[in-house]
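Residue numbers (our numbering), protein chains in the order written: chain W, 1 to 290; chain Y, 1001 to 1409.
We put the CB at the ideal spot given by N, CA and C, even for glycine.
The model shown is predicted, which means the values in this text are computed figures rather than measured ones.
Here is the structure we will look at.
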Amino acid sequence: MYERGWKRAATLAIFLGPSLAGVAIFLVGPIVASFGLSFTRWDLLTPLQFVGLGNFRKLLADPDFWAALRHTVTFLIGYVPLVMILGLLVAVALAGRMPAKSIFRAVYFLPVVTSWVAVALVWQWLLNPYYGLVNNFLSVFGITGPSWLFDPRWAMPAVIMTSVWKDLGFVMAILLAGLQGIPREFYEAADIDGASGWQKLLHVTLPLLSPAMFFALTISLINSFQVFDQVYVMTGGGPAGATTVLVERIVKNAFSFSQMGYASAMSWALFVLIFLSTVIFSRMQRRWAI
Amino acid sequence: MNKRLTVWIVVLGMLIMGLAFAQTTVTYFTFTTDNDHIDELEALIAAFEGENPDIVIDYSTAPFDSYFTRLQTEFAAGDAPDVFELNYENFVTFAARDTLLPISDLLTLDPTSTFYPAALNAFSYDGVQYGLPITFSTVVLFYNKDLFDAAGVAYPTDNWTWDDVVNAGKQLTDTSKRVWGIYQPVQFWEFYKTAVQAGGGLAVSPTLQIDTPENREALSYLVDKVQTQGIMPTDAQMSGVSDTDMFLSGQLGMIVTGIWMFDRFISDAPFNWDIAVEPGGKQKATHFFSNAAVIAKTSDNAEAAAKWVQFLAANPLTVKTRIESSWELPALSLDQSELLEPYLAIEQPANREAVFASLEYAVTPPVVENQPQLQDIINQELEAARLGTKSVERALTDAQRRVDALVNQ
C-alpha cells in the first residue's frame, strides 16, 4: 500500500531531495543565472551593470563569433555525415554472422568511454608531422603528409578525423540496438521476393532503422555544436585561429577576458541554435519516417 | 541590576582586550611561488611571523594559468585575499576597477631609493602607488658556445644587431643535422620589444599605433627568419618539441628567452652556453617583466598586510632567498649592489652582467583595461604572419583594425 498525503510527500522529499538539490544548485541555478547575466556587463571585479540587449547586439557584430560559428558548422558538416555513415557500416558488419564480433564491438566502443584528453594527446602524437605514425605511414607510399595540427588548412580535418574515430562506437552501439529490433520475418519475406543484399539494406534495414538513426543523428548534431574538448586539447583554437569554435569562444570570453555577461549571451545564442536545429530535425523525422 | 551590569562590562572589556591581543591573519595569494618555491616561501613566512608575533600569514598558491580566474572569483564572492600578486600587464585592470588599496601611507621604507625605478613606477596608476614590485625579470640572448665553435662563428656580444643574428644564424643552420641558428618566438612579448628596436613601437593611447612602417620592419625581421631565411625551425620542423627543449638538445644555436631559464639550463644543458644583451635593430630595447604584491581595498588588516608586502619586496632575507633559489630577481634599485652581489657571483652563465645591462634598455608593453583581449588579437595576427597565411602588412593592418574596435567599443 502506498502512503497517502503529507507522509508520502515527506518520503518522496527525503529520497528525491538530495539529487533534486544537486540539480537545482548546479544545473537549474546556473541556467537561470546565465540567462539573467546575458543582459548585463560583469567583469567579476565590479558590480554588474544592466545593458539590455547590448551583448546580443555586440554578438551580431563580432567577427570572432561569426568565425567561430563558421568553424563549428565546418566541423558539423565534416563530422556528422562521416560518423553516421561509418557507424552504420560498422554496425551492419558487426550485426551479421562473423567470428569474434563481440570483441570487435568492444574494440570499436572503447574510444567512446576513453577520456577526451587522453585521446587527444595520443592523436596529437600520431599526427605529429615529424615523429608521428600517420605521416611515417604515408611516407611508405611516397606521400609527404601535411603538418596536420600545425597547418591552418589541415587542423580542422585532423580534429574531425579524431572525433569521428572516437565517436564511431557510440553511433555503432545505437544502430546495433536498432538493428536487433528488426524482426527477422522482414528479411525472410524479402528473400522470398528475391531481393539482393543491397536491396535489403536499402528497403528493409534503413527504413526500419530510421528511428535509431534519427536518435544518433540528433545526438551527433548536438555534440558537434558543442564541440570543445578535442579542440581545446589538440589545437587550443589555433593555428592562427583556424579552429576556434563556439564553446571555446565562450570559455575564453568568460575566463580569459572576464566578460561573463557576453559569454552568457553567447551561451544562449548557442542554446537557441541547438534548439532550433533539433526542432527542425524532429519535424523532418515525422514527415520522413514511417 | 548593578551587579549584572558590572558583569557585562567585565565580559565586554575582556573581549576587547582579547581582540587586541589576538593574532591578525593576513591571507596571501601567489602565483610566483606556485610549486617550485613553496619551501622558500614557508621559510620566509616563519621568519616574518617570528618578527611579528601578532601576525599570521595564511598563503595559497596557483599556477599562472588559473591564478586570475580564481582571484576574480574570490573578488566576485566578496572574499578577496588581503595580499595578492599582480603582474604588470594585469595591474591596470585591477587598479582601474578600484579594487586596490593605496600603499604609500602604510610603508616604513622609502620606495624611491629602495626599488628599481621602472619597476616601482609600473605599479602606480593615476599617480597613486598601489603595490610594491617584488620580482622582476628580463629576456636575453642565450647561445650554445659549442655550436658556435663548431661552425667557427664569433660569439654574440652585447653590441650585436639584427644583421649579426641573421649572419650567424645562416652559418649555424644545418637542417640535415636538424640544427637551426635561432629560435625567437613570434608573439606579443617579442613583438612589442622588437618594434621598439626597429625605431617604432606599439601604442594604444593617445593614438593607436600598431601598423606603422617601423613595426612592419620589426615583424618582417621576426617572420623572415622562419619564412625566407630558414634559420629558425617551423612548427612542423619542431614537431611539438618546445624551443627550450630544442636548445637543450643542441638543435638551436641561439634562443631568445627569459632569465628564469637559468636554473634549468644550468642543470640540464650538456654543452657550454652563455648569454648576451639582446641584439638591437636601429636601437636596443629589452623586455621588462615585473610582479608586485598589492593589498585588496576590502582588506580589514591593511597595516599587517603592508608589513608583509614590504617584507616580500625588500627584506634582506627575501632578497637573499630569491637570489639563492633563482626565484626571479628582487626588484631593487641597482645602487644596492651589496645585496645583488651574490647574484653576479654565481658562475654560470659567465656574462651575468648582461642581465643588469639589459635593464638599461627595458621598455614596457602597452597596457589597456582589456589586456587579455589585446594580446589575443595581436597574437592571432602575428601567428598568421609567421605561418604565412597572411602577409606582414595584412597582419598588422588587421591587428590595427581589430584593436581599434576593441578600445573604442
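Test: residue i CB closer than 8 Å to a CB of chain W
i: Gln1400 (chain Y); result: no
i: Phe1064 (chain Y); result: no
i: Pro1372 (chain Y); result: yes
i: Asp1235 (chain Y); result: yes
i: Gln1251 (chain Y); result: no
i: Gln1184 (chain Y); result: no
i: Arg1097 (chain Y); result: yes
i: Leu1396 (chain Y); result: no
i: Gln1072 (chain Y); result: yes
i: Thr1069 (chain Y); result: yes
i: Phe1288 (chain Y); result: no
Alpha-carbon spacing of residue i relative to residue j, whole angstroms
i: Phe1064 (chain Y); j: Phe170 (chain W); result: 37 Å
i: Trp148 (chain W); j: Tyr1059 (chain Y); result: 44 Å
i: Phe137 (chain W); j: Ser1326 (chain Y); result: 45 Å
i: Asp1164 (chain Y); j: Gln1227 (chain Y); result: 18 Å
i: Ile1377 (chain Y); j: Thr1321 (chain Y); result: 38 Å
i: Leu1109 (chain Y); j: Trp1308 (chain Y); result: 13 Å
i: Thr278 (chain W); j: Phe1262 (chain Y); result: 56 Å
i: Glu185 (chain W); j: Tyr108 (chain W); result: 29 Å
i: Phe104 (chain W); j: Met172 (chain W); result: 11 Å
i: Met1232 (chain Y); j: Val1083 (chain Y); result: 42 Å
i: Ile290 (chain W); j: Leu82 (chain W); result: Annotation note: pLDDT 49 at Ile290 (chain W) (below 50); position unreliable, coordinate value reported separately. Going by the C-alpha atoms only, they are around 25 Å apart.
i: Val1128 (chain Y); j: Asn1370 (chain Y); result: 21 Å
i: Gln1229 (chain Y); j: Glu1324 (chain Y); result: 41 Å
i: Val227 (chain W); j: Met98 (chain W); result: 35 Å
i: Ala1357 (chain Y); j: Val1277 (chain Y); result: 7 Å
i: Tyr262 (chain W); j: Ile250 (chain W); result: 8 Å
i: Pro1372 (chain Y); j: Leu276 (chain W); result: 33 Å
i: Leu1219 (chain Y); j: Trp1180 (chain Y); result: 20 Å
i: Val1415 (chain Y); j: Val1223 (chain Y); result: Past the edges of chain Y, shown from 1001 to 1409, lies residue 1415 (chain Y), and the structure says nothing about it.
i: Ala1304 (chain Y); j: Phe1311 (chain Y); result: 11 Å
CB contact below 8 Å: residue i versus chain Y
i: Ile36 (chain W); result: Note on residue identity: the sequence assigns Gly, not Ile, to residue 36 (chain W). Judged by the 8 Å Cβ criterion, Gly36 (chain W) is not in contact with chain Y.
i: Pro152 (chain W); result: yes
i: Ala155 (chain W); result: no
i: Gln124 (chain W); result: yes
i: Tyr79 (chain W); result: no
i: Tyr130 (chain W); result: yes
i: Gly238 (chain W); result: yes
i: Gly241 (chain W); result: yes
i: Phe281 (chain W); result: no
i: Thr162 (chain W); result: no
i: Leu94 (chain W); result: no
i: Ser139 (chain W); result: no
i: Thr46 (chain W); result: yes
First and last residue of the uninterrupted alpha helix (DSSP H) at residue i
i: Gly197 (chain W); result: Gly197 to Lys200
i: Asn136 (chain W); result: Leu133 to Val140
i: Val73 (chain W); result: Pro63 to Ala95
i: Ser102 (chain W); result: Lys101 to Phe109
i: Pro1133 (chain Y); result: Note, Pro1133 (chain Y): premise wrong, no alpha helix (DSSP H); beta strand (DSSP E) at Gly1131 to Ser1137.
i: Val1392 (chain Y); result: Val1392 to Val1407
i: Gly5 (chain W); result: Gly5 to Val23
i: Gly29 (chain W); result: Gly29 to Leu37
Cβ distance (whole Å) where residue i is taken to contact residue j below 8 Å
i: Gly1281 (chain Y); j: Ala1203 (chain Y); result: Actually they are not in contact, since the Cβ atoms of Gly1281 (chain Y) and Ala1203 (chain Y) sit about 18 Å apart, beyond 8 Å.
i: Thr74 (chain W); j: Met161 (chain W); result: With 8 Å as the limit, Thr74 (chain W) and Met161 (chain W) do not qualify as a contact, their Cβ atoms being about 13 Å apart.
i: Val51 (chain W); j: Phe65 (chain W); result: Between Phe65 (chain W) and Val51 (chain W) the Cβ distance is about 17 Å, and since that is not below 8 Å, they are no contact.
i: Val1407 (chain Y); j: Leu1208 (chain Y); result: 7 Å
i: Ile274 (chain W); j: Ile222 (chain W); result: 6 Å
i: Pro146 (chain W); j: Ser1239 (chain Y); result: The Cβ separation is near 13 Å, so there is no contact.
Residue span of the beta strand (DSSP E) that contains residue i, given as start and end
i: Trp42 (chain W); result: Run containing Trp42 (chain W): none; DSSP gives neither H nor E here.
i: Leu1208 (chain Y); result: Run containing Leu1208 (chain Y): none; DSSP gives neither H nor E here.
i: Tyr187 (chain W); result: Taken as a continuous stretch (DSSP letters only), Tyr187 (chain W) belongs to no beta strand (DSSP E), being part of the alpha helix (DSSP H) at Arg184 to Ile192.
i: Asp1058 (chain Y); result: Ile1055 to Thr1061
i: Asp1274 (chain Y); result: Trp1273 to Ala1276
i: Thr1030 (chain Y); result: Thr1024 to Thr1030
Exposed unless 16 or more other CB atoms sit within 10 angstroms - verdict on residue i
i: Asn1035 (chain Y); result: exposed
i: Met84 (chain W); result: buried
i: Leu16 (chain W); result: exposed
i: Gln199 (chain W); result: exposed
i: Leu44 (chain W); result: buried
i: Tyr1155 (chain Y); result: exposed
i: Met1 (chain W); result: At Met1 (chain W), the pLDDT of 48 sits below 50, so the modelled position is not reliable and the matter cannot be decided from this model.
i: Pro282 (chain W); result: Checking the sequence, you will find Ser at residue 282 (chain W) rather than Pro. Ser282 (chain W) comes out exposed.
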